[in-house]
Each structure stands twice: as C-alpha cells, then as structure tokens.
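Residue numbers (my numbering): 876 to 946. Every residue gets a Cβ at the ideal spot worked out from N, C-alpha and C, and that includes glycine. What you are looking at is a predicted structure, and each value in this text was computed from that prediction instead of being measured.
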Amino acid sequence: MRSWGDVNRVMNGMVREGRIASFRSNAAEARQTGTLEIAITPADGGDKEAARREALRELARLGITAQVHAE
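Written out as structure tokens, the structure reads:
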C-alpha cells in the first residue's frame, strides 16, 4: 500500500469536490492485515455504486488497492 497520506489526499479531494460526503478507513490496521478497507458516504443524492466505482478509479490511479464500500 502507498502511504496513508496518499489515500487521505485522494479521499479528501473527493470530499472537497463534493463527489462524496465522507469516508473512513482501517488505514491504521491495513499495514498489519494487508487489506485496506474504505467506507464512503456518497454526496447528497449520489448513487452509491457510482461513488464506489469512482473512488476505486481514483485510488487505482495511484496504484492503491482497496476494498471500497458505500454506506
């Protein structure tokens, strides 16, 4: 996994741009478990699956592999 700063930069950018409302992750545990999990909340009126795919695409651009779940 790339650094938590990289993940944070991508996800905070999506929040700032209004593409998602919020996110949380297991970044602190991901180094030990080997699996990064990110839960996102779509922006108001946003489609959960579309927001999930967009988050995966943005993370993949930096070579970040994660399990992304929309709530």
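Item to complete: Only counting runs of 3 or more residues, tell me where the beta strand (DSSP E) segments fall wholly within the stretch 899-946, in order along the chain.
Response: 912-917, 942-945
Discussion item. With the cut-off set at 8 Å, would you say residue 899 and residue 914 are in Cβ contact?
Written reply: Position 24 of the sequence shown, counting from 1, holds the residue named residue 899. Position 39 of the sequence shown, counting from 1, holds the residue named residue 914. Cβ distance < 8 Å, so residue 899 and residue 914 count as in contact.
Worksheet item: Can we say the stretch 923-931 touches the stretch 904-912, given the rule of at least three CB pairs closer than 8 Å?
Response: no
Fill in: Length of the line joining the Cα atoms of residue 904 and residue 879
Along the sequence shown, one-based indexing puts residue 904 at 29. Along the sequence shown, one-based indexing puts residue 879 at 4. Straight-line Cα distance between these residues: approximately 11 Å.
Worksheet item: Quick one, are the C-beta atoms of residue 890 and residue 934 less than 8 Å apart?
Response: Here residue 890 refers to the residue found at position 15 when the sequence shown is read from its first residue. Here residue 934 refers to the residue found at position 59 when the sequence shown is read from its first residue. Not a contact, by the Cβ cut-off of 8 Å.
Discussion item. Please classify residue 906 as buried or exposed, where buried requires at least 16 neighbouring CB atoms within 10 angstroms.
Written reply: Counting from one through the sequence shown, the residue named residue 906 turns up at place 31. Taking a 10 Å sphere around the C-beta of residue 906, we find fewer than 16 other C-beta atoms and assign the residue as exposed.
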